[in-house]
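Below you'll find the structure, written out as structure tokens, and then a few comments.
Numbering (this note's numbering), first residue to last: 1422 to 1637.
Structure follows, in structure tokens:
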């Protein structure tokens, strides 16, 4: 039903508008000031947010670039000597290091965690009833590559060590104690190579390790 087309209703509406002309004029007004203020507020919010994101990502990129530019050349001898009493495993693959340290007393783990946190890119820890460990990850610059057969020959000329060594599948496998591993790392420290060192047993106050140097 078209009520607006009804002559009686339409005449009543016309009479109301004539008696109250402000109704028609106010309905045509647009709250320009209010609309403008809302848009300006929204616009400035977007600008501030965009500026914040730009500054944040610029700072993150700067920190990342600074870290990459200040990376040290990996020194397997220093790493091993610094953590020799706690090493469970030390792995270096494609300039990325992963180091796992063991702690018999969990109280010391928190002190060392704070120390290593500012030194390495990633430091995590795990403490439970069975073990207390710190896991360290970092990346380094590489040296020149090593020749696995040249290394094998060089080790044979070290008089102060008597280790088990064998080339298996082009990889050099060595079993030795802490002192012997130090001598080997001292020999190969100037080279770039992938390796994995694992603690296999503790005996007579000595730690014995299995060292695999990968020929790749």
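Note that CB positions come from ideal geometry on N, CA and C, so glycine has one too. Since the structure is predicted, the reported quantities are computational estimates derived from the model, not experimental observations.
Exposure of residue i, with buried meaning 16 or more beta-carbon neighbours within 10 Å
i: residue 1500; result: buried
i: residue 1550; result: exposed
i: residue 1624; result: exposed
i: residue 1472; result: exposed
i: residue 1583; result: exposed
i: residue 1467; result: exposed
Close beta carbons around residue i, own chain, < 7 Å, minus the five adjacent residues each side
i: residue 1628; result: 1598, 1599, 1620
Residues sharing a beta bridge with residue i, DSSP
i: residue 1630; result: 1597, 1620
i: residue 1609; result: Its beta-bridge partners do not exist; DSSP assigns none.
i: residue 1543; result: 1558
i: residue 1566; result: 1613
i: residue 1472; result: None; residue 1472 has no bridge partner.
i: residue 1465; result: According to DSSP, residue 1465 bridges with nothing at all.
Own chain residues within Cβ distance below 6 Å of residue i, not counting five before or after
i: residue 1566; result: 1613
i: residue 1634; result: 1593, 1614, 1616
i: residue 1547; result: 1554
i: residue 1517; result: 1560
Nearest to residue i (by Cα), restricted to the options the options
i: residue 1572; options: 1520, 1471, 1610; result: 1610
i: residue 1539; options: 1523, 1510, 1552, 1558; result: 1558
i: residue 1510; options: 1637, 1503, 1630; result: 1630
i: residue 1415; options: 1496, 1579, 1521; result: The requested residue 1415 does not occur in the structure, where the chain is confined to residues 1422 to 1637.
i: residue 1519; options: 1596, 1504, 1536; result: 1504
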